[in-house]
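Below: the structure, in structure tokens.
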Amino acid sequence: MANSNYPKHTDEFKKSIVTLHQNGKSLSQLSKEYGISMSALSK
Numbered sequence: 792m793a794n795s796n797y798p799k800h801t802d803e804f805k806k807s808i809v810t811l812h813q814n815g816k817s818l819s820q821l822s823k824e825y826g827i828s829m830s831a832l833s834k
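Note that the sequence shown ends on residue 834 in my numbering; no numbers are left out.
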């Protein structure tokens, strides 16, 4: 089984990011503020 080097985010954190985006934050703003890649955010 391969180990992942990617950070694991809680479901609560993921939901808060989605809510922020739905409330008008752009993906680029979220990426810069939280250090999440654009590709991860778009998924």
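Beta carbons: idealized from backbone N, C-alpha and C, even for Gly. Predicted, not measured: the structure shown is a model, and the values here were computed from it.
Query	Result
First through last residue of the alpha helix (DSSP H) which encompasses Ile808	Asp802 to Gln813
Closest Cα partner of Lys823 within the set Gln813, Asn814 and Ile808	Ile808
Sequence-distant residues of the same chain with beta carbon closer than 8 angstroms to Met829, five excluded per side	Leu818, Ser819 and Ser822
Unbroken alpha helix (DSSP H) run spanning Ser822, endpoints	Leu818 to Tyr825
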